[in-house]
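A.B. asks: In my numbering, the protein residues as written are 6 to 402.
Pasting in a structure now, in structure tokens, and then I'll have a few things to ask.
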């Protein structure tokens, strides 16, 4: 809860920056940067010495197996980035051209782009304020008003299109309420594909992010909790779909020692071995990265606990979050100070960032179907991401 306090915007910005400095120290601080303190050089050298640097190599399999062990997913398929992982997962989940796919308005644009790559239509839904994920109860009420079911298929009464899938997104690493969302999806016959791009290392009620839906996806971009330079992965517990995913993402080439025969229009998007080598070394350190990020959250939480106009976003009940991006939430009556704070912090060498502009307000998607997104709009004006690198939570800080 926020206490009421009158604060000039500049005074509030200065107080916030001072408090951040108390946590992260002096000097320029970026939002997030990778940490290379493990076996990265050794794994990369082993990869280079093998001569296998592209998408066929031992490290791809080793990385996928390590992801399976960590997440509990039966199958992991490493690909070139998180966006392509989501694109492939949606195709394999049965999303077809002109279908509608329910996605949160509060998300990075890649979530909607992956839907569009399938020839489908993103349909935007609202968020709730605890996890920042899709509000399941609002979604149920909304579907009751705009959808009808016919032979097990969910149809939009207004557009006539099939509403095929639901894509929950775990914002900043905090898992949304998958039990509630899966119940809505089952009620309306929707396939669930989890966008867990930001949530490697996050669990809720014992399940890792991305393992509850038919598919889940991860991202290993340079700004994620671990990186492969560029990369992503598809997670699934369905063996048949996993086999199809490996085939589709490797140009749909039929197995043969020398013949180039393909049985479908495939995609050339498997992760190269050299990227997987980096990821394998990074994954060995993931428990330490998560621990450090949770320590950093505790430091931010303690530092801001006496400041009445802000609070640090905390993991929902039942969650063990990776705290990918530490997030400050302004009090509702301070939402207008977001830009002042961002500008002041930038001048002071702190690279703070706001949450993304809502997808239903972005130029490519402003005409797409959307439920009212009042909560997401209010949240977007109040959220500010703080310096969050795993190194900042180490004991040396």
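Heads up, the beta-carbon is just placed ideally off N, CA and C, and yes, glycines get one too.
Compare the C-beta of residue 220 with all C-beta atoms of chain C and state if any pair is closer than 9 angstroms.
C.D. replies: Included in the structure is just one protein chain, with no chain C present.
A.B. asks: Where does the unbroken beta strand (DSSP E) through residue 332 begin, and where does it stop?
C.D. replies: Here the beta strand (DSSP E) through residue 332 covers 332-335.
A.B. asks: In chain order, what residues of the same chain have a beta carbon less than 8 angstroms from the beta carbon of residue 72, not counting five sequence neighbours either side?
C.D. replies: Only 78, 81, 83, 223, 238, 240, 288 meet the Cβ criterion.
A.B. asks: Where does residue 373 sit, in a helix, a strand or coil, going by DSSP?
C.D. replies: Of the three classes helix, strand and coil, the one that applies to residue 373 here is coil, per DSSP.
A.B. asks: Provide the residue span of the alpha helix (DSSP H) that contains residue 284, from first to last.
C.D. replies: 278-288 is the extent of the alpha helix (DSSP H) around residue 284.
A.B. asks: Of the choices 209, 267, 369, 199, whose alpha-carbon is the least far from that of residue 107?
C.D. replies: It is 199 whose Cα lies nearest to the Cα of residue 107.
A.B. asks: Rounded to whole angstroms, what is the Cα-Cα separation between residue 53 and residue 169?
C.D. replies: One C-alpha to the other measures close to 43 angstroms.
A.B. asks: Between residue 29 and residue 330, is the Cβ-Cβ spacing less than 9 angstroms?
C.D. replies: Taking 9 angstroms as the Cβ cut-off, residue 29 and residue 330 do not qualify as a contacting pair.
A.B. asks: Tell me the DSSP secondary structure of residue 219 in three-state form.
C.D. replies: Residue 219 falls in the coil class under three-state DSSP.
A.B. asks: Let me make sure I understand the geometry here. Which of 226, 187, 126, 365 has the alpha-carbon closest to that of residue 205?
C.D. replies: For residue 205, the nearest C-alpha among the options comes from 226.
A.B. asks: At what residues does the alpha helix (DSSP H) containing residue 161 begin and finish?
C.D. replies: No alpha helix (DSSP H) holds residue 161; the beta strand (DSSP E) holding it covers 158-161.
A.B. asks: Closer than 8 angstroms is the cut-off here; do at least three beta carbon pairs connect the region 81-100 with the region 267-279?
C.D. replies: Touching, per the Cβ criterion.
A.B. asks: Can you look up residue 150 in the DSSP assignment and give me helix, strand or coil?
C.D. replies: Of the three classes helix, strand and coil, the one that applies to residue 150 here is helix, per DSSP.
A.B. asks: Considering only C-alpha positions, which residue in the set 154, 67, 159, 171 is nearest to residue 116?
C.D. replies: Residue 171 is the option with its Cα nearest to residue 116.
A.B. asks: Alpha helix (DSSP H) containing residue 321: first to last residue?
C.D. replies: Taken as a continuous stretch (DSSP letters only), residue 321 belongs to no alpha helix (DSSP H), as it is neither H nor E.
A.B. asks: Determine the direct distance from the alpha carbon of residue 208 to that of residue 314, and round the result to whole angstroms.
C.D. replies: Cα to Cα, the separation comes out at about 30 angstroms.
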